[in-house]
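Chemist: Questions regarding the structure given below will be posed in turn.
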Amino acid sequence: MGKNAWSAEVGRPPEDSNLQIIGKKMSFYRRLRVEELLLIGLIFAGLFSDGLTKELPVRERYYRGTIIGAKALGMGGAFTAVCDDATAIYWNPAGLTQLKLNAGIVAYRISSKDVVGKILGQTRFLGKKQFTFLGAASSKGGFAWRPLANIKKKNFYSKTTDEAGNIIERWTDLEYTLNEYILTLVEQTDLISMGLNIKYLGGKLGFAQKEMVNSIWQEPEANIASGKGYGLDIGFLILGKHLKIGAMLGNVLSKIYWDDYDAITLERDGVFGLAFQINGLTLAGDLTKKLSENSNSVYCFGLQKSFSRKKDNFSNYKSRQKARESLFDRFLSGRLSLRIGLLGENSLEERNLDYTTGVGYQYDGYGIDFGIYWERTSTGKNEFKPAYQISISTGI
421 MGKNAWSAEV
431 GRPPEDSNLQ
441 IIGKKMSFYR
451 RLRVEELLLI
461 GLIFAGLFSD
471 GLTKELPVRE
481 RYYRGTIIGA
491 KALGMGGAFT
501 AVCDDATAIY
511 WNPAGLTQLK
521 LNAGIVAYRI
531 SSKDVVGKIL
541 GQTRFLGKKQ
551 FTFLGAASSK
561 GGFAWRPLAN
571 IKKKNFYSKT
581 TDEAGNIIER
591 WTDLEYTLNE
601 YILTLVEQTD
611 LISMGLNIKY
621 LGGKLGFAQK
631 EMVNSIWQEP
641 EANIASGKGY
651 GLDIGFLILG
661 KHLKIGAMLG
671 NVLSKIYWDD
681 YDAITLERDG
691 VFGLAFQING
701 LTLAGDLTKK
711 LSENSNSVYC
721 FGLQKSFSRK
731 KDNFSNYKSR
741 QKARESLFDR
751 FLSGRLSLRI
761 GLLGENSLEE
771 RNLDYTTGVG
781 YQYDGYGIDF
791 GIYWERTSTG
801 KNEFKPAYQI
811 SISTGI
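Per this note's numbering, the sequence shown starts with residue 421, numbered consecutively.
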């Protein structure tokens, strides 16, 4: 028996094939190594294709927008379970299933530049006067536009000291706009209503900065960039005879990609709301929580009392004979609503609370709402600065 035959007989490869086996193993490992490197490269590219640049010179809070709709504002922002007008696109898309008419709505804000809306929605980043919402909706879905930021700074000066004790002075010019476009889809079952917001975000940034470190000028920086992004919101609503339960997950998937800057992932938040309605009286409460560490909880409470001479006048206006009524009778048959609300962060201690008030009137498919946000000043005293918002809605 030859040596090679003996090796094969006992189950071992013949010695003269060892080099072939080693070669095959090395070839396998080379292929595996190449595949691993390609995979790592793809992962690395995926992680840093929108990065490896620099941080966007705009803080996260600029993406928050402001409170939408004078009706919701008048109720302190406690609107996740109420959500019974076209601004439900923003507050809880599942609420659109409550609409009896196709509706359009526009909201306009008039604000003191010193009112920042620090508890629920930044206001100062939209300028002094600004449309805040334009939308159209039905019980099957809707679409809307709202601005998130419209900032202009000219020769803005700041002075800081870093950890090494260096004194850093900056002069900044900044023009920054960001808009959100929303498509809403809703579905209703016997038990629950569900809504989905599909959002497109588009923005522009112009930035120039001069910097001095310890009285030594540094190389100036300037850039113009555009940003594009996407987002998803998911809403749920359970309708009872008198009790409504709403929930909203905002920015479930939301990211903005900027030219020459790192991508921005928008912070997710969760909102849970309850509303109790009986005899024209609505009591509502919301709890909002950013889904990140060390974030504040926001509590909102609102009350609305509606007065109407004719039951369900707003939804049945098409079937009435308006010619037989005087103008005054028609006005009295509308629905007048008075509202009040409060909102605070973390606790309901007085120093953390802001207040809201509002009034609304609806008749013949048309509605107008006016709300005031009373923000406590930084002095800690019972002094407030107002921000105003007006909303106009109409049946379509």
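For glycine and all other residues, C-beta sits at the position ideal for the given N, C-alpha and C.
Between which residues of its own chain and residue 709 is the CB-CB distance below 6 Å, once the five residues before and five after are set aside?
Modeler: 690, 717
Chemist: Using three-state DSSP, classify residue 493 as helix, strand or coil.
Modeler: helix
Chemist: According to DSSP, is residue 612 helix, strand or coil?
Modeler: coil
Chemist: Rounded to the nearest angstrom, how far is the Cβ of residue 497 from that of residue 720, given a contact under 8 Å?
Modeler: 4 Å
Chemist: Helix, strand or coil for residue 599 per DSSP?
Modeler: Reduced to three states, the DSSP call for residue 599 is strand.
Chemist: Can you tell me which of 761, 634, 629 puts its alpha carbon nearest to the alpha carbon of residue 584?
Modeler: 634
Chemist: With residue 571 as the anchor, note down where its beta strand (DSSP E) starts and where it stops.
Modeler: 561-581
Chemist: From what residue to what residue does the alpha helix (DSSP H) around residue 508 run?
Modeler: 508-511
Chemist: Can you name the residues that DSSP bridges to residue 607?
Modeler: 614
Chemist: Is the number of C-beta pairs between the stretch 693-706 and the stretch 660-674 that are closer than 8 Å three or more?
Modeler: yes
Chemist: Taking buried to mean at least 16 other C-beta atoms within 10 Å of its own C-beta, is residue 601 buried or exposed?
Modeler: exposed
Chemist: Which two residues bound the contiguous beta strand (DSSP E) that contains residue 653?
Modeler: 641-659
Chemist: Is the stretch 616-631 close to the stretch 642-651, with three or more CB pairs under 8 Å?
Modeler: yes
Chemist: If you follow the beta strand (DSSP E) that residue 814 is part of, which residue opens it and which one closes it?
Modeler: That run of the beta strand (DSSP E) goes 804-815.
Chemist: Determine the DSSP secondary structure at residue 500, reduced to helix, strand or coil.
Modeler: coil
Chemist: Around the Cβ of residue 776, are there at least 16 other Cβ atoms within 10 angstroms (buried) or fewer (exposed)?
Modeler: Residue 776 comes out buried.
Chemist: Have a look at 679, 676, 605, 754 and flag the residue whose alpha-carbon is nearest the alpha-carbon of residue 783.
Modeler: 754
Chemist: State buried or exposed for residue 699, treating a residue as buried only when at least 16 other CB atoms are found within 10 Å of its CB.
Modeler: exposed
Chemist: Specify, as a first and last residue, the run of the beta strand (DSSP E) that residue 777 falls within.
Modeler: 773-783
Chemist: Applying the 10 Å Cβ sphere with the 16-neighbour rule, what's the burial state of residue 638?
Modeler: exposed
Chemist: Measure the Cβ-Cβ separation of residue 576 and residue 566 and say whether it is below 9 Å.
Modeler: Cβ atoms of residue 576 and residue 566: not closer than 9 Å.
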